[in-house]
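Those letters in the sequence shown? Residues 0 to 153, per numbering that gives the first Met the number 0, in order. For each residue, glycine too, the CB sits at the ideal point set by N, CA and C. These notes concern the structure reproduced below.
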Amino acid sequence: MYSEFDASEFDYLASPNPQQFEQQNQTQTPEVTNIERFWNLTGNWGEFGSYFGAGLSASLIVRAVPALIPAAVILIPAAGLGLALYSLSAEGSGKVRSQLILLAIGTALIAGNWDAWQAWIIANTQMLILSFAIIVITLGFVGVQIWSKLNVSK
0 MYSEFDASEF
10 DYLASPNPQQ
20 FEQQNQTQTP
30 EVTNIERFWN
40 LTGNWGEFGS
50 YFGAGLSASL
60 IVRAVPALIP
70 AAVILIPAAG
80 LGLALYSLSA
90 EGSGKVRSQL
100 ILLAIGTALI
110 AGNWDAWQAW
120 IIANTQMLIL
130 SFAIIVITLG
140 FVGVQIWSKL
150 NVSK
């Protein structure tokens, strides 16, 4: 069961010169050539196009079938928020890919429903202005209270 154990990985402990083992573990990172950069870029554009097309199709299907509107209003922002949180926490190519997907789907949803967004904003302008003013006043009041508690008689 344990016959595959290789004790050579502990040779650096008995060696008088441990630097020789440190150099063996270092690996060279491959250099990215221009053609690889080109294929990565075109792949990103192709992926953007496919996600944009899927998002646009989904938004137009929702407009064609009004019974789907409540599901779209709940699920699309939830999925977008999850994707935004993932793109903030991801590293490397996963971060770029998730931001690309988020940008494509967001653009598609706005493009497919721009007239509905515009009509909603126009119809609710007064409510939006009042809500914005209340939020700014509330946040300002809370900020002043916190600031005054932090700067008490220094």
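message: My output table needs one value for G42: the three-state DSSP class, helix, strand or coil.
response: Position 43 of the sequence shown, counted from the first residue, corresponds to residue 42. Looking at G42 - three-state DSSP - the assignment turns out to be helix.
Of the residues I75, I100 and A71, the one placed nearest S86, counting alpha carbons only: Numbered from 1 along the sequence shown, position 87 holds the residue referred to as residue 86. Selected option, being the one with the closest Cα: I100.
- prompt: Near G48, which residues of its chain fall below 7 Å by C-beta distance, leaving aside the five closest residues on each side in sequence?
  reply: The count along the sequence shown starts at 1 and reaches residue 48 at position 49. Closer than 7 Å at the Cβ level, and outside the excluded window around G48, lies no residue.
- prompt: Between L102 and the rest of its own chain, which residues show a CB-CB distance below 8 Å, the 5 nearest in sequence each way excluded?
  reply: If you number the sequence shown from 1, residue 102 lands on position 103. Excluding positions up to five away in sequence, the list reads F47.
task: Would you mind reading off the limits of the alpha helix (DSSP H) that contains A89?
output: In the sequence shown, the residue the question calls residue 89 occupies position 90. Looking at the DSSP string, A89 is not in any alpha helix (DSSP H), and its letter there is neither H nor E.
query: Is the distance from the Cβ of P58 to the Cβ of G111 below 8 Å?
result: Counted from its first residue, the sequence shown places residue 58 at position 59. Counted from its first residue, the sequence shown places residue 111 at position 112. The question names Pro, but residue 58 in the sequence shown is Ser. Closer than 8 Å, so yes.
message: Can you tell me whether V151 is helix, strand or coil according to DSSP?
response: For the purposes of this step, residue 151 is identified with residue 152 of the sequence shown, where counting begins at 1. Reduced to three states, the DSSP call for V151 is coil.
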